[in-house]
Each structure stands twice: as C-alpha cells, then as structure tokens.
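K.L.:
There's a structure below that I have some questions on.
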Amino acid sequence: MGRLQVAIDRGGTFTDVVARTSDGKIVTMKLLSEDPGKYKDAPTEAIRRLLQQSCFPLDPTDIEWIRMGTTVATNALLERKGERVALLVTDGFRDLLHIGNQSRPKLFDLSVRISDVVYEEVVEVQERVVLFRDDCKLTDEIRGRTQQTTSTTGEKIEIWKPVDEEQLRKDLLSIKEKGISSIAVALLHSYCFPDHELRVGEIARDMGFTNVSLSHQIIAMQKYVPRAHTACTDAYLTPCLKRYIDTFSNAFDNNKLHGLNVLFMQSDGGLTSVEKFSGSRAILSGPAGGVIGYSVTSYIDSQPVIGFDMGGTSTDVSRFDGSLDHVLESTIASVTIQAPQLDINTVAAGGGSILTFRSGLFRVGPESAGAQPGPACYKKGGPLTVTDANLILGRLIPDHFPALFGPQGNEPLDVEASLTKFQELATTINSFLKDNEKKTLSIEEIAAGFVHVANESMSRPIRALTEGKGFDLRDHVLACFGGAGGQHACAIARALGMKTVFISRFAGVLSALGLALADVVHEMQEPSGKVINSENWPNINDRLKYLSNFGIEELHKQGHDRKSIVVEKYLNLRYEGTDCALMCASTEEIADSFINIFLKKYKDQFGFILPGRSIIVDDIRIRALAKSAMTIDRKINVRQQEKPVKELKKVKCYFEQGLIETPVYTIEELYANDRIFGPAIIIDPSCTIVVEPNCEATVTDCGDIRIAIEHMKEDTVSTELDLIKLSIFQNRFMSIAEQCGRVLQLTAISTNIKERLDFSCAIFGPDGGLVANAPHIPVHLGAMQEAVQYQLRLLGNELRDGDVILSNHPSAGGSHLPDLTIITPVFHENDKEKPVFFVASRGHHADIGGLTPGSMPPNSTSLLQEGAQFISFKIVEQGQFKETELIERLNEPGKQEKCSGTRTLMHNIADLKAQIAANLKVI
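Numbering (the UniProt record's numbering), first residue to last: 1 to 923.
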C-alpha cells in the first residue's frame with residue numbers, strides 16, 4: 001500500500017484538490033478558499049478530509065508528499081498588502097523606481113493614476129562601481145585613485161567608492177527603529193559585480209533584519225530598473241509566503257510537516273522546496289499549474305496546444321509545443337518583474353465581463369461584475385455580463401448549478417433577472433437602429449452578438465501568442481479549462497481556424513492536476529556579454545556545463561536520483577546593437593546549433609534577419625528538472641454493446657441558425673469512443689461544454705472530450721450597417737494594430753521607442769481614412785490619417801507593391817520632425833495598381849540633426865534648423881531599401897550654419913527598419 005499524495009491549488013475563489021489515495025485511486029475535491037464558518041484554512045481542511053481525521057492537529061504519517069500552488073503572493077501584490085519594505089540603492093538613485101522607464105501605458109485613460117511603489121523607505125548606499133571604458137573622461141580624472149577588478153562577465157570594473165559601512169549601519173538602524181524588518185538591495189552593476197551587495201546583505205542580517213533580498217541573487221540580469229523592482233517585490237512578498245507556510249505547518253502534529261516532502265509551484269512552471277520558495281517566483285504560482293496540466297494531458301502526437309483558461313474576470317492563454325514558453329520580464333500590477341515566468345497572456349474578458357452598448361458598438365469588458373454583486377442572474381443587483389448572455393441563449397442550464405445565489409446564497413440562477421436587463425439594453429440598441437433606418441434585433445440576436453464580440457476579444461491574445469510569433473494557428477489544438485471555457489471553445493476555435501478542441505476530464509481541477517504532474521526544478525542563470533563565435537564558444541560551453549552540474553547536484557541533495565534529472569540549456573541571444581534578446585534552447589553542444597535556432601526564431605517573429613551582424617550572449621541559463629513519476633492515464637469503460645448515447649433531456653438553445661432543440665448529456669453517462677454531434681450540451685460537475693452545430697465531440701479512452709470543428713462557409717461582408725460585425729471587426733483590426741506595435745517595440749533599439757513607447761501604429765482604408773489604431777499616442781494618431789491621405793494625393797497611381805514611404809514634414813501630416821512616419825501600401829494579389837489599405841507606424845527618433853541634440857531647438861528660426869525633412873521619400877522602392885539616399889537625407893541638416901546632421905545615424909536606420917518590419921509583419 002502506498003501513502004497519500006496531495007496536490008492543492010489555492011485560488012482566489014475555490015481551492016482545487018487532486019489526490020492519489022493509498023489504494024491508487026484518484027480523488028478530486030473543490031472547496032471555497034474562504035469559509036470562516038466551517039474552517040480556517042482550505043488546504044489543511046482538504047487534507048483533513050482526505051486523511052479522514054476528525055480534528056486538528058493532523059498526523060501526516062500517511063502522507064507521501066504535498067504539492068501546492070497559491071495566489072497568496074499575487075493577492076498581496078494586487079491588493080498592496082505585503083510586508084513593509086526598505087529599498088537600498090546606490091547613492092544618487094533614490095528616485096529610480098519613481099522615475100522608472102518613463103513609459104505611459106494608459107494614454108487613453110483620462111483618470112490615470114500612477115501606481116505606488118511597494119517600499120516605504122529608501123537608503124542610499126555610499127558606494128559606486130562603473131564598467132571600465134577607455135574613452136570615459138570622468139574615469140581618466142580619477143583613475144589613479146580607483147581599484148580595478150574583473151566582473152563575472154570578464155569585463156573590467158572600477159571601484160570608485162567602496163561601501164561606507166559605518167554610514168550604512170546608521171541608516172539601517174534608523175530603518176529598523178521604524179519597525180521595518182524586510183529590505184531589498186539593488187546596487188548599480190551588481191548583476192556582474194555582486195561584492196558590494198553581498199557585503200550590504202551581511203551587515204543587514206547581522207543587525208537582525210529577518211528578510212534580505214539581494215537583486216543579483218534573485219536574477220543576475222542587466223537593466224537596473226526591473227532588477228530593483230524585482231528585489232523590492234521579493235522583499236515585499238516573501239515574508240507573506242513564509243507566514244502562510246508557517247500557518248499551514250502549524251496544522252500538523254508536533255510540526256511533523258518539516259520531515260515531509262512539501263513543494264510549491266513557481267511562476268516558471270517548476271516545483272521548489274519550501275526553503276527556496278520566494279515572493280518574486282510565486283506571482284504566477286496559481287496559473288502555472290494549469291499550464292502544466294494541459295501540457296501533459298493535451299499534448300498528443302506532437303501537435304502544439306493553446307491553453308485557454310476562462311474564468312470570471314479574465315481569460316489566460318498560453319502555448320505549449322513540447323517545451324514551455326518563458327519570458328524573463330513582465331509587468332504585473334504595475335510592477336516589472338525580472339524572473340523566469342511562463343508566457344501567459346491575460347485579457348480582461350471572462351464570464352463576469354460587463355456588456356455595454358456605446359457609440360454604436362457592442363462592448364465586452366474590461367470592467368467586471370466580480371463575485372460581488374456578480375452577473376445579473378446572481379440576483380444581487382449586478383449588471384449584464386457574458387454569463388447572462390449564455391444563460392439567455394440556453395447555453396447554461398440553471399438546474400445544473402448549485403443554489404448558491406441570491407442575497408442569502410441559497411437560490412438558483414435567475415433567468416428572469418437576466419432577461420429584464422437584456423430587454424432594457426435591447427430598447428437602447430433598437431432605438432439606435434431605428435434612427436439609422438435599420439432592422440431591429442431580438443434579445444437572442446443581441447445576446448449572441450455580445451458573445452461573438454467576447455469571443456473575438458478573447459481571440460486577440462491567442463493571435464498574439466501564435467501569429468505574433470510566426471506560428472500558424474491552424475496547426476494548434478485549443479485546450480480549454482476553467483469554469484467558463486467550455487461554453488466558448490467551439491466558437492473561438494472556429495473563429496481562429498483551428499480544427500480541434502480538447503477538454504480534459506479534469507478540466508475543473510486542471511491546475512491542481514498540473515501540480516501533481518509537475519517536475520521539481522532548479523534554475524540557474526548568469527550574465528555573459530560575449531559574442532557567440534568559435535573563439536568564445538569553449539568558455540560559453542564550459543559555463544553551461546558548470547551550471548548544469550551544479551543544478552544536478554542541488555536536486556540530488558533534495559533526494560532525487562541523478563538518473564531522473566534532465567538539464568535544459570539556454571542562451572539568451574540578441575543581435576549586437578539591438579535590445580531584443582530571444583531565449584534559445586538546444587540539446588547540441590555546438591555554437592551553430594544555438595545560432596541557427598536564434599536566426600529561425602528571429603525570422604519567424606519579426607520577418608527578417610540582420611546578416612553580418614554579431615550575435616551576443618546576454619545570459620547563460622539552465623533548468624535542471626527532476627521528472628515527475630506520477631501518471632493519470634487510466635482508461636474508462638467502453639460500452640458493452642451498441643447503444644445510442646443516453647441524453648438527459650432537450651433544451652432550446654440559440655445558435656446562428658436560430659433556436660434549436662439541443663440534447664443535454666452528463667459526463668458521468670458517457671463511455672469511451674462515444675460520439676456526440678452538435679448542437680449539444682455536455683454537463684460536467686465543474687463546467688458546461690457547448691458543442692456547436694456541425695461539430696462532433698468524441699470521448700477518448702481516458703474520458704476526455706475531443707471536439708472536431710467543421711468550418712462553416714464564411715459570411716459575406718456587405719456595406720450594410722451591422723452593429724455586431726462592426727464590433728467584431730473593430731476588435732480584429734485593433735488586434736492587428738496592437739501586434740504591429742509589439743513587433744516595433746521588440747525590434748527597435750532606441751530608448752524612446754523600446755522603453756518610453758513613444759510610437760503609434762494604425763490601419764487605414766483605401767482612401768487613407770483611419771480604420772483602427774492601437775491605444776498609442778493620441779497626437780500621432782490624430783495626424784497620421786492626414787499623412788496617409790497626403791501621400792495618396794501626391795503619388796496617386798505611382799504607388800507600387802513593394803514601396804514604403806517615409807514622411808515627417810508638417811505640411812504632409814507630420815507633427816514635429818523627430819516623429820518619423822513609415823507608410824506601407826498594401827495591394828490585393830489580383831490588383832497591383834491601387835492599394836486596398838495602408839499600414840503606418842510613427843516613432844519618435846532621438847535625433848535627426850539640426851541646431852541642438854534632440855532636434856527640438858527652442859531658438860530655431862526656420863524648419864531647416866530643426867532637422868532632416870521628408871515630405872515624401874520612398875525609403876523602400878519595389879523591395880529595395882535605399883540606405884545610401886537615406887543617410888544623405890539624414891545628414892542634410894549639417895549643411896546649415898551651426899547645425900549638425902543626425903547624431904544617432906545607426907539608431908535612426910535600425911528604428912526605421914524596425915518600423916518597416918512591423919508594418920510588414922501584420923500585412
């Protein structure tokens with residue numbers, strides 16, 4: 001007999017549990033995360049029930065292991081309820097995180113509020129180190145008084161000022177007297193010279209600070225701002241996690257949990273021990289379990305999978321193609337985190353997203369009804385939501401929902417409440433249609449329209465994860481989980497051109513299942529800065545081997561057999577002179593393998609490569625994985641004889657064809673190989689699955705649902721006003737403009753475009769009129785239409801396929817001269833004479849010549865003194881980039897008295913190429 005194995009995902013609303021009992025049986029459980037009238041803590045209550053013990057403290061003797069994912073860190077960050085923190089920075093950088101990178105992420109928000117930093121106090125550490133540069137005049141002046149050393153990357157370091165320990169102790173004492181016991185230390189260049197941070201950490205611990213987060217130990221990467229943010233976040237959240245873990249441990253008899261194998265899920269999708277679990281690695285602990293769950297259960301025959309987790313307030317999407325996609329930098333709750341995390345995209349559209357009608361458009365979200373008051377059908381006075389729309393359409397069956405609603409929490413879903421709200425909204429919409437002399441819509445048509453718009457909104461992050469990175473969506477399987485995903489799966493797959501939907505039999509507890517199936521991971525990373533070539537490869541490869549061996553030993557110390565440990569090797573590569581690094585993994589220990597992988601990824605993602613340019617290794621990284629031994633592929637029963645699938649009942653359900661009598665099935669009554677033809681509804685204890693018309697659901701040998709999607713003939717598009725299609729296309733076109741912006745941000749090299757986000761992208765019709773734009777710079781977007789229309793008037797029929805126009809002149813729709821606009825005409829394959837639409841991107845270049853650096857002189861008396869001018873310049877003509885002519889034009893201002901040509905020529909060329917590539921990527 002084995003012992004109990006428990007995986008627990010503690011979410012914001014529910015705690016999900018998957019366990020294997022001593023007799024090998026798989027048990028699932030769902031509890032409210034907060035139910036103070038019945039228990040203090042949901043995870044320990046779940047374990048108590050599994051052990052069948054009557055009271056606390058629990059005896060864990062019969063438990064083999066516990067694996068947990070938690071939203072404790074996420075909630076503390078979102079609600080700003082973390083530990084009191086002091087930030088220690090290099091002298092002179094007190095306001096580093098207040099200033100940030102000057103990006104303006106919500107330009108269209110008229111009531112924008114700058115997020116508070118998570119620290120209370122700042123200490124400026126009297127210390128300074130600099131990277132050695134031969135051409136630095138400041139260094140020349142003090143060189144004889146400085147100490148030189150070598151950094152971990154092999155670069156020369158000059159210590160201008162060692163740590164003033166006496167002053168540091170005084171400052172730390174002052175902080176401690178204020179009751180702060182957690183500190184974050186982020187010193188300049190500590191990613192490659194950690195000595196000063198280490199010394200500061202030693203002093204702080206000696207003085208009794210209970211938590212000390214050193215930025216280089218969390219992750220040794222360049223970029224001071226995100227590294228400091230990450231250290232602060234770690235110091236802010238780690239004590240919260242420790243307190244929660246202590247509370248959890250206290251539920252066990254004589255603190256026996258310490259001898260037990262207890263592991264926590266990290267943001268990178270790997271498990272780690274209690275001792276190594278920290279705040280900066282815990283923010284995606286909850287969603288990460290779901291990614292592991294679908295990656296194990298849905299990845300079949302090497303077909304890539306899109307994970308689709310639709311909850312109440314938002315929808316998370318991710319991708320798996322045999323390996324996990326990671327990002328090393330992301331922004332969560334206005335805090336930039338620099339740590340390995342699964343690449344999970346979130347859109348503010350879920351079951352609770354509020355439905356509104358504004359300016360003739362159907363809008364879904366981003367506002368949510370939340371749990372309180374919830375959707376209108378919850379009978380608490382809530383607004384109309386996506387859930388209400390599905391209820392009106394017959395896609396949710398109230399009889400199969402628990403009676404948890406109403407003021408007392410004991411009533412069923414209220415269809416009448418949803419219907420009343422929809423009748424009010426229908427009056428507004430139909431009044432608008434009558435004013436425009438158009439046909440009115442029924443309540444069902446309006447509800448279906450909102451569902452279509454919601455589906456399109458949720459499709460946007462899926463396109464960004466796939467098409468935005470060069471992958472073909474049609475090759476993917478859509479794996480749905482979460483409470484609301486099954487209602488929308490077929491429609492979203494059909495809209496995206498996908499052929500298969502996969503819904504695990506554990507879809508309702510997939511995050512907990514992912515914890516049970518996850519590997520134990522030890523990650524290591526160090527900076528490099530070397531060019532990847534034959535000369536440097538031996539050193540780079542030696543570092544990979546060293547880190548690999550270290551990772552294996554760390555896992556071996558935790559009790560894992562060396563034979564079960566697999567090491568993944570990565571190099572974070574970028575072109576020299578650019579700032580966009582791509583993490584590349586290879587199983588071959590040769591430089592060319594990594595280079596070829598980088599070139600393919602770069603070409604797939606951005607549409608071009610840069611021949612002849614050196615490739616830099618920013619970081620060397622390994623992931624050592626102790627592979628999970630748990631499996632759950634138990635087959636279910638097959639029908640003993642040919643019988644029709646037993647349906648529970650029929651309900652009227654609204655689809656595009658109108659109201660249809662739709663059979664309802666329960667998952668418990670289905671057997672392996674059963675086939676169900678749409679339309680149909682399958683009721684699962686944790687979710688409702690809608691099989692749309694012309695789709696076919698099959699029950700697999702393991703009890704999962706696989707749905708084959710038949711693609712309908714596309715609707716014809718007319719010029720008649722159709723509010724629903726208008727709303728759908730508005731989302732789709734905006735998605736294209738946003739994708740253009742993402743590519744531009746990634747491929748540009750200037751701070752203005754890459755970090756300050758001073759750029760705009762938009763799509764224009766054949767007459768040059770604005771069709772859709774991403775939420776970028778308003779002053780750009782207001783003028784870009786005139787810029788496109790000016791080129792149409794000027795060039796007329798001279799535009800050809802393969803032409804790209806550069807313009808910045810005020811008379812041609814420009815703003816100020818540093819804002820360079822790239823306009824790309826797009827032609828239909830059957831008509832190369834007249835553009836069918838245009839894509840344009842405008843970016844602020846740091847300098848284009850003129851009287852003063854920055855090309856915005858306050859004392860100019862003519863436009864010639866403000867920089868290079870382009871009224872209409874074909875920067876690309878029939879596919880040929882005109883670099884020589886471009887350089888001449890950028891240097892033209894130097895011919896004026898007291899003026900200079902562009903002072904940032906290479907940045908200008910690189911950013912213009914990035915703008916061209918961004919336009920091309922979305923065409």
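For every residue, glycine included, the Cβ atom is placed at its ideal position computed from N, Cα and C. As the structure is a prediction and not an experimental result, all values here were calculated from the model.
1) Taking 8 Å as the cut-off, does the region 724 to 741 touch the region 755 to 773 (at least 3 CB pairs, one atom from each stretch)?
2) Curious, which full-length alpha helix (DSSP H) runs of at least 4 residues does the region 741 to 812 contain?
3) Quick test of your reading: Ala389 and Ala447, contact by CB under 8 Å. State the CB separation rounded to the nearest angstrom.
4) Using the rule of at least 16 other Cβ atoms within 10 Å of the residue's Cβ for burial, across every protein chain shown, is Leu174 buried or exposed?
5) Roughly how many angstroms lie between the CA atoms of Gly351 and Ala484, to the nearest whole one?
6) Which class does Cys584 belong to by DSSP, given the choice of helix, strand or coil?
7) In chain order, what residues of the same chain have a beta carbon less than 6 Å from the beta carbon of Ala868, not counting five sequence neighbours either side?
8) Between Thr824 and the rest of its own chain, which residues show a CB-CB distance below 6 Å, the 5 nearest in sequence each way excluded?
9) Please tell me whether Val125 and Phe193 are closer than 9 Å, where the distance is taken between their beta carbons.
10) Going by DSSP in three states, Leu88 sits in which element: helix, strand or coil?
11) Out of Glu833, Ile306, Pro818, Glu829, which one is the CA nearest neighbour of Gly843?
12) How is Asp911 classed by DSSP in three states: helix, strand or coil?
13) Helix, strand or coil for Ala349 per DSSP?
14) Considering only residues of the same chain and omitting the five flanking positions on each side of Ile871, which have a CB-CB separation below 6 Å?
15) Could you check the C-alpha separation between Met1 and Asp23 for me, to the nearest Å?
16) Measure the Cβ-Cβ separation of Leu297 and Leu648 and say whether it is below 9 Å.
17) Taking all protein chains shown into account, decide if Lys421 is buried (16 or more other Cβ within 10 angstroms of its Cβ) or exposed.
18) Run through the DSSP bridge pairs and tell me what Trp160 is partnered with.
19) Gly698 bridges to which residues according to DSSP?
20) Ordered along the chain, which non-local residues of its own chain (more than five positions away) have a Cβ less than 7 Å from that of Leu799?
21) Starting from Ile99, trace the alpha helix (DSSP H) in both directions and tell me its first and last residue.
22) Out of Pro644, Glu177, Leu198, point me to the one whose CA is closest to Glu127's CA.
23) Going by Cα to Cα distance, which pick from Lys30, Asp41, Val27, Leu4 is closest to residue 963?
24) Would you report the Cα separation of Met856 and Lys898, rounded to the nearest angstrom?
25) Which first and last residues belong to the alpha helix (DSSP H) in which Cys240 is found?
26) Taking contact to mean 3 or more Cβ pairs, one atom from each stretch, closer than 8 Å, check whether the region 51 to 62 and the region 212 to 228 are in contact.
27) Nearest to Gln789 by alpha carbon, out of Asp767, Lys40, Ile777?
28) Counting Cβ pairs closer than 8 Å, one from the region 698 to 707 and one from the region 879 to 889, do we hit at least three?
29) Would you list the one or two residues that DSSP bridges to Ile332?
30) Among Thr238, Val18, Arg67, which one has its Cα closest to the Cα of Lys81?
31) Under 8 Å by Cβ, that's how I've got Ser267 and Ala339 pegged, so tell me the actual separation to the nearest angstrom.
32) Where does Thr902 fall in DSSP's three states?
33) Rounded to the nearest angstrom, what separates His98 and Gly449 at their Cα positions?
34) Residue ranges of each beta strand (DSSP E) run of no fewer than 3 residues wholly in the region 857 to 907, ordered along the chain?
35) I need the DSSP call for Thr420, collapsed to helix, strand or coil.
P.N.:
According to the structure data:
1) Short answer: they touch.
2) Listed in chain order, the complete alpha helix (DSSP H) runs (minimum 4 residues) inside the region 741 to 812 are 751 to 754, 778 to 795.
3) The Cβ separation is near 4 Å, so the contact holds.
4) Strictly speaking, residue 174 in this sequence is Ser, with Leu absent from that position. Note on Ser174: under 16 other CB atoms within 10 angstroms of its CB, so exposed under the neighbour-count rule.
5) One alpha carbon belongs to Gly351, the other to Ala484, and they sit about 6 Å apart.
6) If DSSP states are grouped into helix, strand and coil, Cys584 belongs with the strands.
7) The beta carbon of Ala868 lies closer than 6 Å to those of Ile848, Gly849, Arg889, Leu890, Glu892, Pro893 in the same chain, with the five residues before and after it left out.
8) Within the same chain, Cβ atoms closer than 6 Å to the Cβ of Thr824 are found at Val804, Val839, Asn919, the five residues on either side in sequence being excluded.
9) With respect to the 9 Å criterion, Val125 and Phe193 are not classified as neighbours on the basis of their beta carbons.
10) The answer is strand: DSSP assigns Leu88 an E or B state.
11) Comparing alpha-carbon positions, the option among Glu833, Ile306, Pro818, Glu829 lying closest to Gly843 turns out to be Pro818.
12) For Asp911, the secondary structure class from DSSP, reduced to helix, strand or coil, is helix.
13) Ala349: coil per DSSP, three-state reduction.
14) These residues qualify, in order along the chain: His809, Ala812.
15) Reliability of the predicted coordinates at Met1 is poor, the pLDDT of 43 falling under 50, and the value obtained from them is presented with this limitation in mind. Approximately 6 Å, taken between the alpha carbons.
16) Leu is not the amino acid found at residue 297; the sequence shown has Thr there. The Cβ atoms of Thr297 and Leu648 do not sit closer than 9 Å to each other.
17) The residue in question, Lys421, is buried, as its Cβ has 16 or more Cβ neighbours within 10 Å.
18) The bridge partners DSSP lists for Trp160 come to none.
19) Checking the displayed sequence, the identity of residue 698 turns out to be Thr instead of Gly. Bridge partners of Thr698: Arg675, Arg706.
20) Excluding positions up to five away in sequence, the list reads Pro825, Pro835.
21) Note, Ile99: alpha helix (DSSP H), 96 to 99.
22) Answer by Cα proximity: Leu198.
23) Not covered by the structure: residue 963. The range shown for the chain is 1 to 923.
24) Distance between the alpha carbons of Met856 and Lys898: 14 Å.
25) That run of the alpha helix (DSSP H) goes 224 to 249.
26) No, the region 51 to 62 is not in contact with the region 212 to 228.
27) For the set Asp767, Lys40, Ile777, the Cα lying nearest the Cα of Gln789 is the one of Asp767.
28) By the Cβ criterion, the region 698 to 707 is not in contact with the region 879 to 889, since fewer than three pairs of Cβ atoms, one from each stretch, lie closer than 8 Å.
29) In the DSSP assignment, the residues bridged to Ile332 are Val335.
30) Closest by alpha carbon: Thr238.
31) Correct: roughly 7 Å between the Cβ atoms.
32) In this structure, DSSP gives Thr902 a state outside helix and strand, which the three-state scheme calls coil.
33) Computed Cα separation, rounded: 43 Å.
34) Whole beta strand (DSSP E) segments, 3+ residues: 873 to 877.
35) DSSP places Thr420 in helix when its eight states are reduced to three.
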